[in-house]
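Only one structure is covered here, and it is reproduced in the block below.
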DNA sequence: GTCTATACAATGATAGAC
DNA sequence: GTCTATCATTGTATAGAC
């Protein structure tokens, strides 16, 4: 039963290569990581990497896709669930932040490539995934206004304010030196923002 | 008068090298940029770079310091000015955003190195500059509360919410695909946030 | 200060044996 | 599937002439 599942088995050469690539791309960046370092970390030789993936670009794309598919799955799952819009907004933030917490290191690579220079890395479509999250937040805010949980206001402004605070919480975890900022703190900040939305801060003219 | 000012003259070899390095570090990243590309872009040969700067790291540090010194200067200037705390907070955001607008490309490099893997680039002290901005915002919020412009609240929460929205505005400019987000939009969002602070959203218990 | 020419290690990738 | 051995190219950096 060596082919029981579609993905890699625990200690297989392929999965060891992926783990090594993640570790090195994350700690050094794409361009600064060499194929030699990856295969040494994985305890194999170069041709093994070129056999399983076709190139350095190939293993990079494999790593990125594996990490991002989870995010899309969370959004879809959460949007299919019930509850009040405000409660669902909080749950979505919780689940996304929990995923982020388990992959803080990968997230450093996402940020570097998404906001920064491409580093010579092949194109990866962040935007379609990012858009899923933005659309979900906007829709929940819209439903919250319709349900009377939030006061009417410019939907774009509310969306970006909410995501701005959420994003800030992630970035504070990303950089060192902010160890005291935990789950409770970011949750409290998001509740403050939603309190503001409920009281009609978004309805400024 | 070839040595009239302390910095580089307009078309000097040194300044041409700096401009070329900025352009390439910004568009490709530090690790993915080669010394050969820099000198070709500047129209000189390799030894010229090694003569003026000592290494690839040397010209990188020169580039980073030049850009960041401006940010510290803005914070210090704005903090020395008068006006109500809320008005000063708005002015600080304006001035920092204006600097950011003139250097969107450099900002991409800052984000990549600050939040992402080091790319093999030498250490650069972002945090002391970043801390200046954070401290300024926190102090203005504190003064605003003392003056009765803002309702009392958790100062850390207010600071990060404000900076989160400010930061989101910058990041939306950083990535393509959000062309419609201009000065007026981000200013309106920050005013909404300060409205919330004024009405006491931060005083949740 | 700027050039030509080059040293020399490391890079991504492959051929061919097993 | 995995190895040894090696390719051509590019990388940072320098010696030495002008």
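Protein chains in written order, with the working numbering: chain A, 21 to 225; chain B, 21 to 225. For every residue, glycine included, the Cβ atom is placed at its ideal position computed from N, Cα and C.
Q: Mind listing the chain B neighbours of residue 110 of chain A? Cutoff is C-beta to C-beta under 9 Å, in chain order.
A: Locating residue 110 of chain A in the first chain gives position 90, counting from the first residue. Per Cβ cutoff of 9 Å: no residues; residue 110 of chain A is ~14 Å from chain B at best.
Q: In the DSSP assignment, find the unbroken alpha helix (DSSP H) run with residue 125 of chain A in it and report its ends.
A: To locate residue 125 of chain A, count along the first chain from 1; it is residue 105. Counting along the chain, the alpha helix (DSSP H) containing residue 125 of chain A begins and ends at 124-135.
Q: Kindly indicate if chain B contains any beta-carbon less than 8 Å away from that of residue 52 of chain A.
A: Taking the first residue of the first chain as 1, we reach residue 52 of chain A at position 32. Judged by the 8 Å Cβ criterion, residue 52 of chain A is in contact with chain B.
Q. Which residues of chain A have a Cβ atom closer than 8 Å to the Cβ of residue 156 of chain B, listed in chain order?
A. Stepping through the second chain from its first residue, residue 156 of chain B is reached at position 136. Those do not exist, as residue 156 of chain B stays about 16 Å from chain A at its closest Cβ, beyond 8 Å.
Q: Excluding the 5 residues preceding and the 5 following residue 156 of chain A in the sequence, name in chain order all residues of the same chain whose CB lies nearer than 7 Å to its CB.
A: Within the first chain, numbered from 1, the residue matching residue 156 of chain A stands at position 136. Result list for residue 156 of chain A: 95, 99 and 112, in chain order.
Q: Say whether chain B places a C-beta atom closer than 8 Å to the C-beta of residue 74 of chain A.
A: For the purposes of this step, residue 74 of chain A is identified with residue 54 of the first chain, where counting begins at 1. Not one chain B Cβ lies under 8 Å of residue 74 of chain A.
Q: Check each candidate in A:119, A:40, A:209 and A:63 and name the one with the smallest Cα separation from residue 82 of chain A.
A: By 1-based counting over the first chain, the position of residue 82 of chain A is 62. Answer by Cα proximity: A:40.
Q.
The alpha helix (DSSP H) that contains residue 218 of chain B, what's its start and end?
A. Here residue 218 of chain B refers to the residue found at position 198 when the second chain is read from its first residue. Taken as a continuous stretch (DSSP letters only), the alpha helix (DSSP H) holding residue 218 of chain B covers 203-219.
Q: Would you mind telling me which residues of chain A sit closer than 7 Å to residue 38 of chain B, beta carbon to beta carbon, in chain order?
A: Against the second chain, residue 38 of chain B aligns to sequence position 18. Those do not exist, as residue 38 of chain B stays about 17 Å from chain A at its closest Cβ, beyond 7 Å.
Q: Grab the span of the alpha helix (DSSP H) containing residue 67 of chain B for me, first residue to last.
A: As a working note, residue 67 of chain B is residue 47 in the second chain. Segment 66-72, the alpha helix (DSSP H) holding residue 67 of chain B.
Q.
According to DSSP, simplified to helix, strand and coil, what is residue 150 of chain A?
A. As a first step, residue 150 of chain A must be located in the first chain, where it is residue number 130. Here residue 150 of chain A sits in helix by DSSP.
Q: Report the neighbours of residue 136 of chain A on chain B: residues whose CB is nearer than 7 Å to its CB, in chain order.
A: Here residue 136 of chain A refers to the residue found at position 116 when the first chain is read from its first residue. Within chain B, the residues near residue 136 of chain A are 49, 128, 129, 131, 132 and 136.
Q) For residue 190 of chain A, which residues of its own chain have a beta-carbon under 8 Å away from its beta-carbon, when the five flanking residues on both sides are left out? A) In the first chain, residue 190 of chain A corresponds to position 170, counting from 1. Within the same chain, residue 190 of chain A has close Cβ partners 117, 120 and 127.
Q.
Within 10 Å of its beta-carbon, does residue 89 of chain B have 16 or more other beta-carbons around it, so buried, or fewer, so exposed?
A. Mapped onto the second chain, residue 89 of chain B falls at position 69. Under this definition residue 89 of chain B is an exposed residue.
(Q) Along the region 53-65 of chain B, where does the CB come closer than 7 Å to a CB of chain A? Name the residues. (A) none
(Q) For a contact defined as C-beta to C-beta under 7 Å, what are the partners of residue 188 of chain A on chain B? (A) Taking the first residue of the first chain as 1, we reach residue 188 of chain A at position 168. The answer, in chain order, is 180, 183, 184 and 187.
Q.
Short of 8 Å in beta carbon distance, which residues of its chain neighbour residue 149 of chain A, apart from the five on each side in sequence? Order them along the chain.
A. Within the first chain, residue 149 of chain A is the residue found at index 129, counting from 1. Counting only Cβ-Cβ distances below 8 Å, and skipping sequence neighbours, we find 88, 91 and 92.
**Q.** Within-8 Å CB hit, residue 195 of chain A to chain B
**A.** Here residue 195 of chain A corresponds to residue number 175 of the first chain, with the count starting at 1. It does; some Cβ of chain B falls within 8 Å.
Q. Which bits of chain A does residue 191 of chain B rub up against, with CB to CB less than 8 Å?
A. Along the second chain, one-based indexing puts residue 191 of chain B at 171. What residue 191 of chain B touches in chain A: 135 and 187.
**Q.** Nearest-angstrom Cβ-Cβ length linking residue 72 of chain B and residue 43 of chain B, presumed shorter than 8 Å
**A.** To locate residue 72 of chain B, count along the second chain from 1; it is residue 52. To locate residue 43 of chain B, count along the second chain from 1; it is residue 23. Between residue 43 of chain B and residue 72 of chain B the Cβ distance is about 17 Å, and since that is not below 8 Å, they are no contact.
Q. Taking 8 Å as the CB-CB cut-off, is residue 83 of chain A touching chain B?
A. By 1-based counting over the first chain, the position of residue 83 of chain A is 63. Not one chain B Cβ lies under 8 Å of residue 83 of chain A.
**Q.** Euclidean distance between Cα positions of residue 213 of chain B and residue 176 of chain A
**A.** Here residue 213 of chain B refers to the residue found at position 193 of the second chain. Here residue 176 of chain A refers to the residue found at position 156 of the first chain. Spanning the two alpha carbons is a distance of roughly 14 Å.
Q: List the residues of chain B that residue 147 of chain A touches, going by C-beta distances under 7 Å, in chain order.
A: Counted from its first residue, the first chain places residue 147 of chain A at position 127. Ordered by position in chain B, the residues that pass the 7 Å Cβ test against residue 147 of chain A are 197.
Q: Keeping to the same chain, check which residues put their C-beta closer than 6 Å to that of residue 160 of chain B; ignore five residues upstream and five downstream.
A: Position 140 of the second chain, counting from 1, holds the residue named residue 160 of chain B. Contacts found: 105, 108 and 109.
Q | At least three beta-carbon pairs within less than 8 Å, the region 131-142 of chain A to the region 165-176 of chain B | A | no
Q. Closest by CA to residue 153 of chain B, which one among B:182, B:85 and B:30?
A. In the second chain, residue 153 of chain B corresponds to position 133, counting from 1. Of the listed residues, the one whose Cα sits closest to residue 153 of chain B is B:182.
Q. Between residue 212 of chain B and chain A, is there a C-beta pair that is closer than 8 Å?
A. Sequence index remark: in the second chain, residue 212 of chain B carries index 192 (1-based). So yes, residue 212 of chain B belongs to the interface.
Q. Do residue 52 of chain B and residue 132 of chain A come within 8 Å of each other at the CB atom, strictly closer than that value?
A. Counting from 1 along the first chain, the entry for residue 132 of chain A is found at position 112. Counting from 1 along the second chain, the entry for residue 52 of chain B is found at position 32. No.
Q. Taking the alpha helix (DSSP H) that residue 57 of chain B falls in, what are its first and last residues?
A. Looking up residue 57 of chain B in the second chain gives position 37. Start and end: 55-62.
Q. How many angstroms separate the CA atom of residue 102 of chain B from the CA atom of residue 192 of chain A?
A. Counted from its first residue, the second chain places residue 102 of chain B at position 82. Counted from its first residue, the first chain places residue 192 of chain A at position 172. Their backbone Cα atoms lie some 31 Å apart in a straight line.
Q.
Just to confirm the assignment: which complete alpha helix (DSSP H) runs, minimum length 4, are found wholly within the region 80-115 of chain B?
A. none
Q: Give the single residue among A:58, A:54, A:62 and A:45 whose Cα lies nearest to the Cα of residue 36 of chain A.
A: Within the first chain, numbered from 1, the residue matching residue 36 of chain A stands at position 16. Among A:58, A:54, A:62 and A:45, the Cα nearest to that of residue 36 of chain A is on A:62.
(Q) As an exercise, report each continuous alpha helix (DSSP H) stretch of at least 4 residues that is fully enclosed by the region 178-203 of chain B, in chain order. (A) none
(Q) Suppose you measure from the CA of residue 123 of chain B to the CA of residue 164 of chain A; what does that come to, to the nearest Å? (A) For the purposes of this step, residue 123 of chain B is taken as the residue at position 103 of the second chain. For the purposes of this step, residue 164 of chain A is taken as the residue at position 144 of the first chain. Approximately 38 Å between the Cα atoms of the pair.
**Q.** N- and C-terminal bounds of the alpha helix (DSSP H) containing residue 35 of chain B
**A.** The sequence position of residue 35 of chain B within the second chain is 15, counting from 1. Looking at the DSSP string, the run of the alpha helix (DSSP H) that includes residue 35 of chain B is 33-48.
Q: Out of B:180, B:185 and B:68, state which residue places its alpha-carbon closest to the alpha-carbon of residue 178 of chain A.
A: Numbered from its first residue, the first chain carries residue 178 of chain A at position 158. Ranking B:180, B:185 and B:68 by Cα distance to residue 178 of chain A puts B:185 first.
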